[in-house]
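Numbered per numbering that gives the first Met the number 0, the sequence shown spans residues 0 to 221.
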Amino acid sequence: MAILRFTFPADRYCAFCRGAREAQATQHRLDRLFEGTGLPPEYRDCRLESFESRSGTGDAAALARRWSTEFRQGGRPRRGILFHGPTGSGKTHLAAAIVREAILMREVSCLFLNVPSWLQRLRDLRAYSGGDALEWTFPRGFEIVVIDDLGTEHGDGWTRDRLYSLINDRETRARLTLATTNLELGELESRLGKATYSRLSKLCQPVRLDPAGDYRQRQSAA
0 MAILRFTFPA
10 DRYCAFCRGA
20 REAQATQHRL
30 DRLFEGTGLP
40 PEYRDCRLES
50 FESRSGTGDA
60 AALARRWSTE
70 FRQGGRPRRG
80 ILFHGPTGSG
90 KTHLAAAIVR
100 EAILMREVSC
110 LFLNVPSWLQ
120 RLRDLRAYSG
130 GDALEWTFPR
140 GFEIVVIDDL
150 GTEHGDGWTR
160 DRLYSLINDR
170 ETRARLTLAT
180 TNLELGELES
190 RLGKATYSRL
200 SKLCQPVRLD
210 PAGDYRQRQS
220 AA
């Protein structure tokens, strides 16, 4: 800020100006973190307090709240969470809400990885460059990664290898991971293979959502 051709350093701004500048800087950091998640726009406003807990979803909602509270208070949960249940049960809402709180309260980098979209991106890169891009095969540098829609992919050998690499990398590095799947746990193990599922089990505590009715349809009608 220039007055009479003199420039004042930031520490000599008035308290109001300093506060405004700090708030603006914080907002810019948060905006960059949210943009970097890859979280679909429809999930960016998901909150734990707005989750409509119904019969069959209470355990998952309670676990998500405990996990998020521990993390935002500076703790480190021992394992992530594997939300499993039918389509429209609210799995992705809970995972996205945890990510939102983690960014707002601790300003950590997070990544939302929709498995079918991620695999398609890898296929496109493979076709274009003749090999897998390491930064997409191993998305590193993220405090929390959400692996969404696990098990909906076509389970050929190449797909299994990519998922093993992703999950093994997260488990080896002891990085916090959340996952969602529409499959029963036995079906998921068959789809992923025993080695990958074993590592996923070390990474994530499973919790089932089994509500009556479709959560997304109820939310859109509200």
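From the three backbone atoms N, C-alpha and C, an ideal C-beta is built for every residue, glycine too.
For His83, the enclosing beta strand (DSSP E) stretches over residues Gly79 to His83. In this model, Ala173 and Leu202 are separated by some 8 Å (Cα to Cα). Inter-residue distance for Leu199 and Thr171 is about 11 Å (C-alpha atoms, whole angstroms). Restricting attention to beta strand (DSSP E) runs no shorter than 3 residues, the segment 136–201 encloses them at 143–147 and 175–180, ordered along the chain. The C-alpha of Phe50 is placed about 18 Å away from the C-alpha of Val145. Unbroken alpha helix (DSSP H) runs of no fewer than 4 residues, entirely contained in the segment 41–86, are found at 57–71, following chain order.
Under the 10 Å beta carbon count, His83 is surrounded by 16 or more other beta carbons and is classified as buried. Here DSSP, grouped into helix, strand and coil, assigns Val107 to coil.
Annotated three-state conformation of Pro205 is strand, per DSSP. In the three-state DSSP reduction, Leu32 falls in the helix class (H, G or I).
Taking all protein chains shown into account, Glu186 has fewer than 16 neighbouring C-beta atoms within 10 Å of its C-beta and is therefore exposed. When beta bridges are read from the DSSP output, Leu112 appears opposite Ile146. Secondary structure at Leu124: helix, using DSSP grouped into helix, strand and coil. The alpha carbon of Thr179 has as its nearest neighbour, out of Thr25, Pro115, Pro40 and Glu48, the alpha carbon of Pro115. Of the residues Glu106, Asp147, Glu69 and Met104, the one whose Cα lies closest to the Cα of Leu118 is Asp147.
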